[in-house]
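In UniProt numbering, the protein residues as written are 1 to 621.
Backbone N, C-alpha and C fix where the C-beta goes; we use that ideal spot for every residue, glycine too.
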C-alpha cells in the first residue's frame, strides 16, 4: 500500500471459498464506507475477479483492504498480491489483443471498467500485484482513522457467510443490475424521443435563422448608407448649434452695439454738418478739429464692425503674432457695453508682456464668450477682471492640474465674483452642449469652443472655481519669439505717403462706384496710372489684353466672378502680376494670411488714404 494508507483488513486466499470471502468483505466494506448499492456490486465484482485470477494461476495470494488516508478525496484501496509466474503478455491483455482459452485477462479488463483506477505490477520473479482504487462518494463526511478501527473490529466479529448464500446474493445483484439496465434503456428511449423532438425544433429554428439572415443581408445592404446619412445629419445639427451659439452671443450684444453705433454716427454726422455749414459761410478755420472728430468716430465704428464680423462668421484659424494686452485694451468699450452698467470692469497687464501666436479674431471671440459667461454668473452685479500675464510653467504648475508641457506662455485670465461652480458642474464644464442656463438662454458650447481654440493654438485652459466665491478661467497661449508691428511704427508708416515717381499701372476692379471713384482719385494723385473696371468680367477682358499692368487691386465680393477667382485666372497668363485684395467680408473666398501666394496681400475695409497708398507701395516693392 502507499505510504500513509490506513489498513482495514487482510485476507489470505488459497481456495475458491476464499475468493467468495474476498467478494463478501469487499461489498461489506464498501457498504460501511458509504458507497451505494451499484458501486458496492462494482467493487465486490472487481475484487473477486482479481482474487480468482490469483487463486487460479498462482494457487494462493492475499487481499488487503485500506483507506488512502486523511487527505481528500479519500480512496478505498484493495491490493491483491500473489507469488505466481506473473502475466507474460500484460500489454496485450490490457489492450484487449490477447486471446486465452481459460479466460485469462478478462477479469483485469472488467476490473478496469468497474474501478476508478487499476495499477498492475507483474514479473516472473516477484509475481503479480494488482491495486484497485475507488474514490469515496462526494458530499459525505471524511472517514477518520478511529472509524476504521471500529470498522475492522466489526468485520472481525462477523462470520463469513455460506458460499451458496453469496451466490444467491450475487444473482439478486445481477437481477437488480438487469432492472437498472432496463430502466436505463427506457430512459435512453425517452431521451431519444426528446432528442428527436429537439432536432425537429432545431431544424425549424435553422430555417427561421436562414430567413433572418436573409433579412439581415438586406438590412446591411442599406445600413452603411443610413449610418452615413445619420452622421451627416448629426454633424450638420452640431454645426448649426455652434453657429447659433455665436449668433446668440451677437444677439445679447445688440443693445449695447446699437448704442455705440448711434454715438459714433452722431459724431460723424455732426462733424460733417459743421464742416459743410462753415464751408458755406466761407469759414475754413478749425476745420481740422471736426475732420479729426469724424475720423475718430469712423475708425471706432470700423473696429467694432471688424470684431463683430470676425465673431459671427465661420472661418479656419489664421494665427498671427498678437499683443494680447493691446487686443484686450481695444475691446474694453465693447465688453463694458456687453456686461452692462451693474458690472464693473478692470483690466490689468504685465508691462513687458510677451507676444503670442494665435488667431486674434478667435481670441477676441473667446474673451467675449468668457465675459458673457461671467456676466451671467453675476445676476446681481459684480466685478469682472481681465488680466494678461507672462506665465512660466514649470513641473509644479503642471502637477497642479494645468495639463500643459513646460515652457513660457501668455496667460489671458478672466475672473468674476459670481456664483461659482459646484464640483459636478466643474467636471463637465468643457462638455459640448452642457449648460446650467435655462432652456433657450444657452447652447452649452461657449466653454467647449474656448477650450478647442486654446488646444488648436497649442495652448491650454484651466478653470478655478468655488461656489459663492467666483470663477477664474485662464487661457495659456504659447510665447512667440517673433515681432509684431508696434503702434508707433504703424503711425510712422501711415504718415509716409510721398508720391511715387515710377508711374506704375494699376487695374482697379470695384463694383461700388463711390469706392471705385475715390480709390481712382487717391491713387491718381499719388502718381499711378489707373485702369478701372466695374466687375470681374470686365476686369478679365482688360487682363486678357496686351496692356501692361503692374498691380491688380480688386474687391473680393464681386458679382459673378469674385476677386479671388479673378486673381487666379489673371495669374495663369500673368504669373508675376501683383495682387492687392480689398474686402469688408471675405466669408466665401478663404482668404487668410497663410493662404495667399507670394505677391498677394489683403487690405480690409474701411481703410484710410494713407493705409491704401502705403499698402500699394508695399505690394509693388
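Item to complete: With residue 460 as the anchor, note down where its beta strand (DSSP E) starts and where it stops.
Response: Residue numbering aside, residue 460 sits at position 460 when the chain shown is read from its first letter. Per DSSP, residue 460 belongs to the beta strand (DSSP E) from 460-466.
Fill in: Expected contact under 8 Å - CB spacing of residue 350 and residue 388 to nearest Å
For the purposes of this step, residue 350 is taken as the residue at position 350 of the chain shown. For the purposes of this step, residue 388 is taken as the residue at position 388 of the chain shown. Contact flag correct, Cβ pair sits at about 7 Å.
Worksheet entry | 6 Å Cβ shell around residue 366 - same chain, five flanking residues per side excluded | Numbered from its first residue, the chain shown carries residue 366 at position 366. Excluding residues within five positions, the ones whose Cβ falls inside 6 Å are 450, 453.
Fill in: Alpha-carbon to alpha-carbon, residue 146 and residue 3
Here residue 3 refers to the residue found at position 3 of the chain shown. Here residue 146 refers to the residue found at position 146 of the chain shown. Roughly 18 Å between the two C-alpha positions.
Worksheet item: Between residue 623 and residue 406, is the Cβ-Cβ spacing less than 7 Å?
Response: The chain is shown from 1 up to 621; residue 623 falls before or after that span and cannot be answered.
Discussion item. For residue 88, tell me which candidate among 463, 619, 123 has the shortest Cα-Cα distance.
Written reply: Reading the chain shown from its first residue, position 88 is the one you call residue 88. Answer by Cα proximity: 123.
Discussion item. Is the beta carbon of residue 48 closer than 7 Å to that of residue 22?
Written reply: Reading the chain shown from its first residue, position 22 is the one you call residue 22. Reading the chain shown from its first residue, position 48 is the one you call residue 48. Cβ atoms of residue 22 and residue 48: closer than 7 Å.
Worksheet item: What does residue 343 pair with, by DSSP beta-bridge criteria?
Response: The count along the chain shown starts at 1 and reaches residue 343 at position 343. Partner(s): 382.
Worksheet item: Would DSSP call residue 326 helix, strand or coil?
Response: Position 326 of the chain shown, counted from the start, is the residue given in the question as residue 326. If DSSP states are grouped into helix, strand and coil, residue 326 belongs with the helices.
Item to complete: Below 8 Å CB to CB, which residues in the same chain sit around residue 137 once its five sequence neighbours on both sides are set aside?
Response: For the purposes of this step, residue 137 is identified with residue 137 of the chain shown, where counting begins at 1. Once the five neighbours on either side are set aside, the close Cβ partners of residue 137 are 34, 35, 36, 39.
Fill in: Three-state secondary structure assigned by DSSP to residue 572
Along the chain shown, read from residue 1 onward, the residue named residue 572 stands at position 572. Reduced to three states, the DSSP call for residue 572 is helix.
Practice prompt. Go through the region 4-33 residue by residue and report every complete run of the beta strand (DSSP E) that reaches 3 residues or more, in order.
Written response: 6-13
Practice prompt. Grab me the residues of residue 490's own chain with a C-beta within less than 8 Å of its C-beta, minus the 5 sequence neighbours each way, in chain order.
Written response: Within the chain shown, numbered from 1, the residue matching residue 490 stands at position 490. Low per-residue confidence applies at residue 490: pLDDT is 38, beneath 50, and the placement is therefore not dependable, though the value from the model is reported in the following sentence. Cβ within range, chain order: n/a, list empty.
Worksheet item: So residue 366 is in the beta strand (DSSP E); what residue range does that whole segment cover?
Response: Your numbering for residue 366 matches position 366 in the chain shown. Where residue 366 is concerned, there is no enclosing beta strand (DSSP E), although the alpha helix (DSSP H) it sits in stretches over 360-376.
Practice prompt. Starting from the C-beta of residue 10, find all residues in its chain whose C-beta is less than 8 Å away, skip the five residues before and the five after it, and write them out in chain order.
Written response: Counting from one through the chain shown, the residue named residue 10 turns up at place 10. 62, 63, 64, 65, listed in sequence order.
Worksheet item: Using a Cβ-Cβ cut-off of 7 Å (strictly less than) and excluding sequence neighbours within five positions of residue 339, which residues of its own chain qualify?
Response: Stepping through the chain shown from its first residue, residue 339 is reached at position 339. Here the set comprises 345, 371, 375, 384.
Worksheet item: Taking Cβ positions, are residue 508 and residue 553 nearer each other than 7 Å?
Response: Within the chain shown, residue 508 is the residue found at index 508, counting from 1. Within the chain shown, residue 553 is the residue found at index 553, counting from 1. Yes, the Cβ-Cβ distance between residue 508 and residue 553 is below 7 Å.
Worksheet item: What did DSSP end up calling residue 581 once you bin it into helix, strand or coil?
Response: For the purposes of this step, residue 581 is taken as the residue at position 581 of the chain shown. Three-state DSSP puts residue 581 in a strand.
Worksheet item: Is the distance from the Cβ of residue 298 to the Cβ of residue 274 below 7 Å?
Response: Taking the chain shown and counting its residues from 1, one reaches residue 298 at position 298. Taking the chain shown and counting its residues from 1, one reaches residue 274 at position 274. For residue 298 and residue 274, no; Cβs fall outside 7 Å.
Worksheet item: Just checking my contact of residue 68 with residue 5 at CB under 8 Å: how many whole Å lie between their CB atoms?
Response: Stepping through the chain shown from its first residue, residue 68 is reached at position 68. Stepping through the chain shown from its first residue, residue 5 is reached at position 5. That belief holds up - the Cβ atoms of residue 68 and residue 5 are roughly 6 Å apart, short of 8 Å.
Worksheet entry | Proximity winner among 271, 25, 382, relative to residue 470 (alpha-carbon distances) | Translated into positions along the chain shown, residue 470 becomes position 470. Put simply, of 271, 25, 382 the residue whose alpha carbon is nearest the alpha carbon of residue 470 is 382.
Worksheet item: What's the call for residue 583, buried or exposed, on a 16-neighbour Cβ count within 10 Å?
Response: As a first step, residue 583 must be located in the chain shown, where it is residue number 583. Answer is buried; the Cβ neighbour count reaches 16.
Worksheet item: Under 7 Å between the Cβ atoms of residue 504 and residue 620?
Response: By one-based count along the chain shown, residue 504 stands at place 504. By one-based count along the chain shown, residue 620 stands at place 620. Yes, they are a contact pair.
Discussion item. For residue 195 and residue 209, I'd like the C-alpha separation in whole angstroms.
Written reply: Here residue 195 is taken as the residue at index 195 of the chain shown, counted from 1. Here residue 209 is taken as the residue at index 209 of the chain shown, counted from 1. Rounded to the nearest angstrom, the two C-alpha atoms are 20 Å apart.
Practice prompt. State the start and end residues of the unbroken alpha helix (DSSP H) segment that holds residue 542.
Written response: Within the chain shown, the letter at position 542 stands for residue 542. First-last of the alpha helix (DSSP H) with residue 542: 536-543.
Fill in: Distance between residue 132 and residue 116 (C-alpha atoms, nearest Å)
Sequence index remark: in the chain shown, residue 116 carries index 116 (1-based). Sequence index remark: in the chain shown, residue 132 carries index 132 (1-based). C-alpha separation (whole angstroms): 8 Å.
Worksheet item: Going by the beta-carbon positions, is the gap between residue 414 and residue 324 smaller than 7 Å?
Response: Numbered from its first residue, the chain shown carries residue 414 at position 414. Numbered from its first residue, the chain shown carries residue 324 at position 324. Going by C-beta atoms, residue 414 is not nearer than 7 Å to residue 324.
Worksheet item: To the nearest angstrom, how far is it from the Cα of residue 417 to the Cα of residue 347?
Response: Looking up residue 417 in the chain shown gives position 417. Looking up residue 347 in the chain shown gives position 347. Each residue's Cα considered, the two are about 15 Å apart.
Practice prompt. Please go through the region 72-98 and give each complete beta strand (DSSP E) segment of 3 or more residues, from N-terminal end onward.
Written response: 75-82
Worksheet item: Between 24, 78, 93, 506, which lies nearest to residue 548 when the distance is taken from Cα to Cα?
Response: Locating residue 548 in the chain shown gives position 548, where the first residue counts as 1. The candidate whose alpha carbon is nearest that of residue 548 is 506.
Worksheet item: Under three-state DSSP, which class holds residue 136?
Response: The residue labelled residue 136 in the question sits at position 136 within the chain shown. Residue 136 falls in the coil class under three-state DSSP.
Practice prompt. Tell me, please, which residues DSSP counts as bridged to residue 478.
Written response: Along the chain shown, read from residue 1 onward, the residue named residue 478 stands at position 478. According to DSSP, which records beta bridges pairwise, residue 478 is partnered with 409.
Worksheet item: What separation, rounded to the nearest whole angstrom, lies between the Cα atoms of residue 219 and residue 226?
Response: Here residue 219 is taken as the residue at index 219 of the chain shown, counted from 1. Here residue 226 is taken as the residue at index 226 of the chain shown, counted from 1. Those two C-alpha atoms are separated by around 10 Å.
Practice prompt. Could you check the C-alpha separation between residue 262 and residue 232 for me, to the nearest Å?
Written response: Sequence index remark: in the chain shown, residue 262 carries index 262 (1-based). Sequence index remark: in the chain shown, residue 232 carries index 232 (1-based). Roughly 43 Å separates the two Cα atoms.
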